[in-house]
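Residue numbers (my numbering): 81 to 730. We treat Cβ as the ideally placed atom computed from N, Cα and C, and that holds for glycine. Below is one structure, written out as structure tokens, with a few remarks after it.
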RNA sequence: GCUGACGUAGCUCAACUGGUAGAGCAGCUGAUUUGUAAUCAGCAGGCUAAGGGUUCGAGUCCCUUCGUCAGCUCCA
């Protein structure tokens, strides 16, 4: 006897009885007409599915509406299908690659004889509007492998995907109007649900991300539930553009890249150099207080060093080619500019006998290294060929790992969290498939990292199998002022290089032992970190970092002497001050100082000159001004700089 | 490295289908002496990324190189 009804559980715990064969759409209807209308998909036993699929008996079901983040992915995935539907109508012979939802949007890859032009995109978008207006239902079908092959005989990309599907995987096909696609789903009920979308740009993308395969043409788009969301997103794109460190870097004269010298090589102009200098000073102070020692090591080395370290065969693509030796040396001695510092610091370690009492030995160097990054990957200061790493290598015993990681996380928190006020996240990456060393060693290392993370009481994500082949690591990711995620610091354990260089220390047992090594960077590189800071602060740096901290503005020539005295006084206190004694209006000078993001404008008029006061205007806070005695102004500035305050104290 | 788009004054951008390279801002000079986001006038500024070609004539069309941008790939 087959039951004629099924029973499902709703998120609030209540149960609903429905006729057998009922779909999630039926369930939504049974709950209420409002929900039926808003429903986009359903989560059935945790899996997001189409509304039109029959519900299994006993399932836990949640109807997803535009309030659920997962529904947004479904919407975007469906939008990708609408895109493909439109492309197929305009370019009937386009082969169809992948079309997934991504953060903030979706894309679809096509194999077409010529790349898409901006005009094509406009046409495609217009066609998409037609597809949406037609309100085609998304119809799901399960098909056999042979059937699937038959349906896509003239689409080699789909055939390749079918061939890759596992033997007992369900093969499903979705149809919306004229378009049929091999697809796992799920989708929104019909194309009419996709109202607020926009195509953004087209670019080449390798089939399956493999640069040896053919290049497809990828179209990126974005889709949202409401017009407001869509417009908000487009506004965020605009905002991000305004914060672009390449644009601000030029406006504020922070840095340049010179074609005469080469791409990916940064010229730090005086103002950018001040940022660089302050960050160096800060991080060096922090680490010197914590038992690190600074070293300076050569920029070029015989190439054998990188052979021995194991870098060369693997890393050669990222290194600049070798240089011939200088005169008087054997011709076959070749030199390389260094792409990383670890072998150098290892040589410092190995330059003498080490005792267990010396450990941990922490060697730090803000060093310039050069990597021959592929030309297409270069991007302003964020991806360069000349890198200033705030590097350090810590040599220690295995039993010291946990404590040392704990201390490192303390530095990370001090710099990222306390000083820059950033929200950051830690990822623990554990042993990958292909690895060096035995499992017992990995076990110890991973437990030590985990122990330190737990001791700090921070939440972290586990990136199973994401470690380097020579050791596990902790990656630090953080968000900027407009919510974008950045990857900065990494803390990496290394068993490989101490082995290759046969590093040793004498233990309490008077026997030789092999130390472990930690590679770590806090900022990562000064290039990337400053690029990040420019975008994060949109050029309005906190006082301690600002290249120009105060601009003194006399109102008229009669106050220039008083203004010069004030500027001298500030400079005497170590405050980076500029006197603007140009024969311009106050309005002009204020506008100039504001556009140059100077934190404080010190206005000196007749009243201030006579009273020994200063009228302070705070960057970005408009007309609100504070008139105060010069002494008080200096005191506040000093305090704000000393504490590295993020917000003005005035 | 690959695909596509692009490269005009320090910056942002003009210059119809090939016909004498132009504006605003910045700079310089002068006038002005200013009370919280642009005072006025004048001047100067270019081998149109570089090299080659087509043409009576090239910023504009073609080729090569370099660089930039959007992505792919890679990554601090």
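Short Cβ contact (8 Å threshold) for residue i with residue j
i	j	result
residue 297	residue 190	yes
residue 270	residue 217	yes
residue 480	residue 586	no
residue 574	residue 551	yes
residue 235	residue 175	yes
residue 367	residue 447	no
residue 439	residue 625	no
residue 680	residue 698	yes
residue 392	residue 268	no
residue 549	residue 516	yes
residue 467	residue 487	no
residue 478	residue 596	yes
residue 620	residue 677	yes
residue 136	residue 101	no
residue 130	residue 257	no
residue 662	residue 714	no
residue 607	residue 346	yes
residue 557	residue 571	no
residue 301	residue 279	yes
residue 695	residue 705	yes
residue 250	residue 262	no
residue 640	residue 682	no
residue 388	residue 581	yes
Proximity to residue i [Cα-Cα], best of the options
i	options	result
residue 110	101, 97, 496	97
residue 299	179, 351, 678	179
residue 501	124, 622, 572, 429	622
residue 422	402, 443, 413, 405	443
residue 331	193, 728, 351	351
residue 91	141, 503, 672, 221	141
residue 584	429, 150, 241	429
residue 358	603, 693, 490	603
residue 643	254, 634, 151	634
residue 362	702, 105, 494	494
residue 156	306, 534, 522	306
residue 38	343, 115, 419, 311	With the chain covering only 81 through 730, there is no way to say anything about residue 38.
residue 188	196, 688, 177	177
residue 455	535, 360, 344, 272	344
residue 498	511, 233, 725	725
residue 226	211, 237, 242	242
Bridge partner(s) assigned by DSSP for residue i
i	result
residue 191	175
residue 286	295
residue 559	565
residue 236	In the DSSP output, where bridge partners are listed per residue, residue 236 has none listed.
residue 701	DSSP, once it has assigned bridges, lists no residue as partnering residue 701.
residue 601	471, 570
residue 543	509
residue 301	186, 279
residue 586	435, 592
residue 686	Answer is none; residue 686 lacks a bridge partner.
residue 551	548
residue 85	99
residue 696	682, 706
residue 144	121
residue 404	414
residue 713	Answer is none; residue 713 lacks a bridge partner.
Start and end residues, beta strand (DSSP E) containing residue i
i	result
residue 576	No beta strand (DSSP E) holds residue 576; the alpha helix (DSSP H) holding it covers 576-580.
residue 320	No beta strand (DSSP E) holds residue 320; the alpha helix (DSSP H) holding it covers 307-323.
residue 264	Where residue 264 is concerned, there is no enclosing beta strand (DSSP E), given that its DSSP letter is neither H nor E.
residue 251	251-256
residue 414	414-417
Extent of the continuous alpha helix (DSSP H) to which residue i belongs
i	result
residue 163	149-170
residue 429	422-429
residue 739	Residue numbering for the chain in the displayed model covers 81 to 730; residue 739 lies beyond these limits and cannot be assessed.
Exercise. Identify every run of the beta strand (DSSP E) within the segment 441-508, keeping only runs that are complete inside it and at least 3 residues long; order them along the chain.
Key: You should have 441-450, 466-476.
Quiz item: What are the complete beta strand (DSSP E) segments, minimum 3 residues, inside the segment 88-141?
Solution: Correct list: 95-99, 121-124, 127-129.
Quiz item: Fully enclosed by the segment 181-233, which beta strand (DSSP E) runs are 3 residues long or longer?
Solution: Counting only runs of 3+ residues, the beta strand (DSSP E) found wholly inside the segment 181-233 occupies 185-191, 218-223, in chain order.
Self-check item: Within the segment 603-675, ranges of the alpha helix (DSSP H) (whole runs, at least 4 residues)
Solution: As summarised for the segment 603-675, the continuous alpha helix (DSSP H) elements at least 4 residues long and confined to that stretch are 606-617, 640-652, 666-675, given in chain order.
Quiz item: At which residue ranges does the segment 324-400 contain complete alpha helix (DSSP H) runs of 4 or more residues, listed in the order of the chain?
Solution: Runs of the alpha helix (DSSP H) spanning 4 or more residues and lying entirely within the segment 324-400 occur at 325-331, 350-368, 383-388, 391-395, in chain order.
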